[in-house]
Amino acid sequence: MNTQNTTATADFATASTPAGPFTALVDPDGAVLAAGWTADAQNLRGLIHQTLRPAALRERAELGQVTKAVEAYHAGDLTIIDSITVRQISGPFLVHAWEVLRKIPAGDPVTYTDFASASGRPAATRAAANACARNAAALFVPCHRVIRTDGSLGGFRWGLDVKRWLLNHEA
Numbered sequence: 016m017n018t019q020n021t022t023a024t025a026d027f028a029t030a031s032t033p034a035g036p037f038t039a040l041v042d043p044d045g046a047v048l049a050a051g052w053t054a055d056a057q058n059l060r061g062l063i064h065q066t067l068r069p070a071a072l073r074e075r076a077e078l079g080q081v082t083k084a085v086e087a088y089h090a091g092d093l094t095i096i097d098s099i100t101v102r103q104i105s106g107p108f109l110v111h112a113w114e115v116l117r118k119i120p121a122g123d124p125v126t127y128t129d130f131a132s133a134s135g136r137p138a139a140t141r142a143a144a145n146a147c148a149r150n151a152a153a154l155f156v157p158c159h160r161v162i163r164t165d166g167s168l169g170g171f172r173w174g175l176d177v178k179r180w181l182l183n184h185e186a
């Protein structure tokens with residue numbers, strides 16, 4: 016059975032930000048499917064779960080509320096991203112972990128250990144790190160707010176310079 020969404024076209028737009036170009040892909044309902052500090056929409060498309068992955072991409076100048084939220088966040092409105100709908104699919108733990116990430120307040124990063132505990136699996140620090148690594152909707156699901164217990168940054172798909180910028184911006 017082919018579960019790939021071969022009929023949908025996702026819209027995307029790239030905005031200039033102080034941390035670099037930021038691209039978001041949205042489904043026909045306007046929900047964010049993928050986002051990150053890149054101008055490569057095809058790369059972002061590949062991060063989307065196959066059951067949601069659009070068959071085609073269409074570039075737009077902007078994406079309405081999503082673009083406004085990206086601009087407002089980078090201008091200092093750190094909670095505006097909370098109002099944006101995100102659509103990601105995976106197993107129950109990852110989906111729950113992504114919901115937990117959306118509740119981490121700006122300016123108050125947590126450790127991978129604390130994130131694992133908040134996600135209901137305190138001994139599963141690696142699974143928590145995996146949830147961050149598999150998050151396709153960066154910024155809107157703020158995995159950048161998770162750091163190592165020693166205070167170092169850990170990893171980030173979009174680079175440690177971007178993660179450092181985001182954490183400093185939110186501090």
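The numbering used here applies: residue 16 is where the sequence shown begins, and numbers increase by one. Where a beta carbon is used, it is the ideal one built from N, C-alpha and C, also for glycine. Predicted model only: the values in this text are computed from it and were never measured.
Judged by DSSP in its simplified three-state form, Leu-48 adopts strand. With respect to the 8 Å criterion, Ala-50 and Leu-154 are classified as neighbours on the basis of their beta carbons. Counting of Cβ neighbours within 10 angstroms places Thr-24 among the exposed residues, the total staying below 16. In the three-state reduction of the DSSP assignment, Ile-119 falls in the coil class, being assigned neither a helical nor a strand state.
Leu-62 and Ile-162 have their C-alpha atoms roughly 22 Å apart.
Membership of Phe-130 in the alpha helix (DSSP H) is indicated by the continuous run 127-133.
About 7 Å separates the beta carbon of Gln-80 from that of Gly-45, a gap short enough to meet the 8 Å contact definition.
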